[in-house]
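These notes are about the structure you will find just below.
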């Protein structure tokens, strides 16, 4: 009798290997292919499945169609002590944002804080990947991005001129898991909608409405629905200002100019992102800061709970637990995703994903 | 027959005069008293009535009780090219934040961006007052603060360990009103709750719940209710990270340490705030940036509308219209507020508010 194959667990390194081989096959430099593969596997490791391996066939399709530059000259076009503007030359967003984060960290180390924007970038995966990069240096990271397709109208409107424009904030701790908030400014991100679509599951009420304002729960109609912003006009406002800061400020696409990268494999998206790094060492003893954060975390966790609530979670705590488990046991890959990756392997002529079948 | 006195309109300069005289009477330096008065009148001018003159009797009460330092030595305690930490010496929050904003603007002019935090500050009025300060220099302003009383539990919890911790973002435009988002991370701010309390109006459902999770609409019970965060756990996460960045990072109060300044007139609040200024001139032609923002604004405003919607508003547009009208016609002051300011004038022995009675 066959073992239950749903879902199979694949080692993180094997996901990295697979993605890196796919990217190298379609023309990325070996080092770049590996870097993107590592970030996509990390997305899976922390449970961001809507922004992980699921995107690989789509990324490959856009690269093969000429929508993404496989040999980008990613360069700093404006620079001051505490800012830089990075032109990604239409390379993979992961590469552009990794570079932007490195620059922000280096500048924050001397200036105390630094803001780095990108243009001519592309979809880069989950926001928290980049907000987390300053954590490794003991710094705070804040990341903003213009989403890669417009699914949100202005409050009261019908024209989808805005995206789920996310924010991620990562704050270092001493002994607790870092505080990592990663959220779309809509109730649900399109990544979550796409996960439901791929699994054939209905959308929870409150995620989307149709053009008459009625709840839309049929995930097959996900691309025609309007996402709902958090807090009504407040989420609309957050999406707008994050988009102006991550997109318009950098000369990247925003509003009407945003290319729907699901529907269009060829057009340059000119995606914009921004990262802010802040060095707590500039404010005093960074160890004391981290211990004060630990105290706040523990006080919140110890709060009296509403009836029926088992546990108070901190932002990033659930993904931290997934990160630990997935690194140890492998990443759960559902059959539908496995099938699409097998198909991709066949098309590209690279070795199939190993492991996970028992 | 008497003219209808509800509400009377008072010139902005008269509100400034009144507040400045009140503060000088209770011991602030003349220049400081005037500066706080100007900012409180500006709050009224832009329609932030929950954070304007309504707060004056409370501020005066705390000053007279010794809870606020009338002669603060506001000073920079840490500094780098793109950051500063300002110790407010328990002075009025308006003075501390005005200083912090000036420093952020000056540093951003050379470094491209700058982050300035405060500690030992106090309640400073509406968030947008400070986010707007960089606008005058053509810059982007972002402001975060730890609220001055905890009314929000962690998601799923009952202990009120968090506040409405607001964010304001101000973005310059060319011909359009600036984009100015000013929002609590809760559905309603305590300022709005207090305005309802003062007017004896019920709270809209969705603003607050009681400890059993039931909607709380009786504004007389406003101080015992739990505010609801925007987007559920997302608003909880935003309140937490804004509080860690505006409070904990600066060595200011956060979580359990936050003093309820409504209930306690004596304790030092050690309020924390943060402001980020970004100079668009560092990213390219700032005029082009402002015109691109105008384009986004106009595209959003021109969106097709849902049935029953008369107009698409941009963040800050309604307060901009109030600002224009109130500057021209005077600020509407409701009878209950007028009565409390008359009472204050009597107690302090300063001239009553002039004007507005016809």
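Residue numbers (the numbering used here), protein chains in the order written: chain A, 1 to 358; chain B, 1 to 358. All residues carry an ideal CB built from backbone N, CA and C; glycine is no exception.
Can you tell me which residues form a DSSP beta bridge with residue i?
i: residue 87 of chain B; result: B:75 and B:119
i: residue 182 of chain A; result: A:168
i: residue 273 of chain B; result: B:118 and B:145
i: residue 189 of chain B; result: BP columns for residue 189 of chain B are empty, so no partner.
i: residue 332 of chain A; result: A:9
i: residue 113 of chain B; result: B:278
i: residue 80 of chain A; result: A:83
i: residue 125 of chain B; result: Answer is none; residue 125 of chain B lacks a bridge partner.
i: residue 157 of chain A; result: B:305
i: residue 152 of chain B; result: B:162
i: residue 140 of chain A; result: A:278
Ordered along the chain, which non-local residues of its own chain (more than five positions away) have a Cβ less than 6 Å from that of residue i?
i: residue 282 of chain A; result: 112
i: residue 91 of chain B; result: 69, 72 and 74
i: residue 14 of chain A; result: 354 and 355
i: residue 62 of chain B; result: 68 and 265
i: residue 83 of chain A; result: 115
i: residue 207 of chain B; result: 187 and 188
i: residue 104 of chain B; result: 114, 116, 275 and 277
i: residue 138 of chain B; result: 172 and 286
i: residue 37 of chain A; result: 16, 19 and 20
i: residue 147 of chain B; result: 163, 164 and 165
i: residue 101 of chain A; result: 130, 133 and 275
Measuring alpha carbon to alpha carbon, tell me which residue in the options is nearest residue i.
i: residue 57 of chain A; options: A:48, A:79 and A:23; result: A:23
i: residue 311 of chain A; options: B:157, B:272, B:164 and B:264; result: B:157
i: residue 221 of chain B; options: B:237, B:193, B:240 and B:241; result: B:193
i: residue 96 of chain B; options: B:107, B:129, B:260 and B:245; result: B:129
i: residue 247 of chain A; options: A:40, A:35 and A:85; result: A:85
i: residue 184 of chain A; options: A:165, A:346, A:202 and A:195; result: A:165
i: residue 52 of chain B; options: B:127, B:78, B:203 and B:107; result: B:127
i: residue 284 of chain B; options: A:76, A:33, A:20 and A:29; result: A:76
i: residue 145 of chain A; options: A:155, A:168 and A:138; result: A:168
i: residue 306 of chain B; options: A:212, A:64, A:29 and A:100; result: A:212
i: residue 199 of chain B; options: B:336, B:28 and B:38; result: B:336
i: residue 7 of chain A; options: A:326, A:232 and A:350; result: A:326
i: residue 42 of chain A; options: A:324, A:161 and A:308; result: A:324
i: residue 348 of chain B; options: B:27, B:270 and B:100; result: B:27
i: residue 261 of chain B; options: B:54, B:59 and B:101; result: B:59
i: residue 143 of chain B; options: B:88, B:243, B:49 and B:303; result: B:243
i: residue 88 of chain A; options: A:250, A:232, A:50 and A:295; result: A:250
i: residue 161 of chain B; options: A:304, A:195 and A:309; result: A:304
i: residue 98 of chain A; options: A:78, A:39, A:81 and A:231; result: A:39
Give me, in chain order, the residues of the same chain whose beta-carbon lies closer than 8 Å to that of residue i; leave out the 5 immediate sequence neighbours on both sides.
i: residue 322 of chain B; result: 45, 46 and 47
i: residue 197 of chain B; result: 219, 220 and 222
i: residue 268 of chain A; result: 67, 90, 120 and 259
i: residue 241 of chain B; result: none
i: residue 229 of chain A; result: 152, 155, 185, 186, 187, 235, 236, 238 and 239
i: residue 309 of chain A; result: none
Would residue i pass as an interface residue toward chain E - the criterion being a Cβ-Cβ separation below 8 Å?
i: residue 230 of chain B; result: Among the protein chains of the structure shown, namely A and B, there is no chain E.
What residues in its chain sit with their C-beta under 7 Å from that of residue i, if we drop five residues either side in the sequence?
i: residue 159 of chain A; result: 153
i: residue 10 of chain B; result: 330, 331, 333, 353, 355 and 356
i: residue 171 of chain B; result: 140, 178, 179 and 293
i: residue 205 of chain A; result: 215 and 217
i: residue 65 of chain A; result: 265 and 266
i: residue 33 of chain B; result: 20, 23 and 24
i: residue 2 of chain B; result: Because residue 2 of chain B carries a pLDDT of 43, less than 50, the predicted location of this residue cannot be relied on, and the following value inherits that uncertainty. Correct list: empty, nothing qualifies.
Between residue i and the ligand SAM, is the CB less than 7 Å from at least one heavy atom?
i: residue 298 of chain A; result: In the structure shown, the ligand SAM is absent, as is every other ligand, since no ligand is present at all.
Open item on the list: Would the region 134-142 of chain A count as touching the region 258-278 of chain A if we require 3 or more Cβ pairs under 8 Å?
Closed with: When Cβ pairs closer than 8 Å are counted between the two stretches, the region 134-142 of chain A is seen to touch the region 258-278 of chain A, the count reaching three or more.
TODO: Give a yes or no on contact between the region 303-316 of chain B and the region 170-185 of chain B, applying the rule of three or more CB pairs nearer than 8 Å.
DONE: With a cut-off of 8 Å, the region 170-185 of chain B and the region 303-316 of chain B count as touching, because enough Cβ pairs lie within range.
Task: Touching by the beta-carbon criterion (3+ pairs, under 8 Å), the region 145-163 of chain B and the region 223-237 of chain B - done: yes
Task: Ordered list of beta strand (DSSP E) runs contained in the region 2-69 of chain A, each at least 3 residues - done: 8-10
- [ ] Determine contact between the region 280-298 of chain B and the region 166-175 of chain B, defined as no fewer than three beta-carbon pairs at a distance below 8 Å.
- [x] yes
- [ ] List in chain order: all unbroken alpha helix (DSSP H) runs of 4+ residues lying wholly within the region 193-278 of chain B.
- [x] Complete alpha helix (DSSP H) runs here, min 4: 233-246.
- [ ] Determine contact between the region 296-315 of chain A and the region 254-264 of chain B, defined as no fewer than three beta-carbon pairs at a distance below 8 Å.
- [x] yes
Open item on the list: Closer than 8 Å is the cut-off here; do at least three beta carbon pairs connect the region 78-94 of chain B with the region 102-122 of chain B?
Closed with: Segments in contact, yes.
Task: Given 8 Å, three or more beta-carbon pairs between the region 342-349 of chain B and the region 188-203 of chain A - done: no
TODO: Mind listing, in chain order, the continuous alpha helix (DSSP H) runs of no fewer than 4 residues lying wholly within the region 276-318 of chain A?
DONE: 286-301
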